[in-house]
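Visitor:
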Ligand code: FES
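Numbering (my numbering), first residue to last: 65 to 125.
#1: Does the distance from the CB of residue 113 to the CB of residue 67 come in under 9 Å?
#2: Once the 5 residues before and after residue 133 are set aside, which same chain residues still bring their CB inside 8 Å of it?
#3: Determine, using beta carbons only, whether residue 95 and residue 111 come nearer to each other than 9 Å.
#4: So is the beta-carbon of residue 103 under 8 Å away from any non-hydrogen atom of the ligand FES?
In structure tokens:
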């Protein structure tokens, strides 16, 4: 399933970019050689980044 329809970036690719250290939605797209077009996917990517950070905080405790 695509998160970013403009660039064809999937959920798995978003997760991969976050694991590689992407801190912002634009970092996630840049990790895959893309740039935001319409920007509609950015809030969802930001949520995924936030969820990953919260998850890693829980895991660290
Ligand atoms: S859906 Fe990602 S920039 Fe348009």
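Every residue, glycine too, gets a C-beta built ideally from N, C-alpha and C.
Bear in mind that the values here come from a model prediction, so they are computed numbers and not experimental data.
Guide: By the coordinates alone:
#1: Not in contact: residue 113 and residue 67 (Cβ atoms no closer than 9 Å).
#2: As shown, the chain starts at 65 and ends at 125. That puts residue 133 outside it, with no answer to give.
#3: In this structure, residue 111 does not lie closer than 9 Å to residue 95 by Cβ.
#4: Because some heavy atom of the ligand FES lies under 8 Å away, the Cβ of residue 103 counts as near it: yes.
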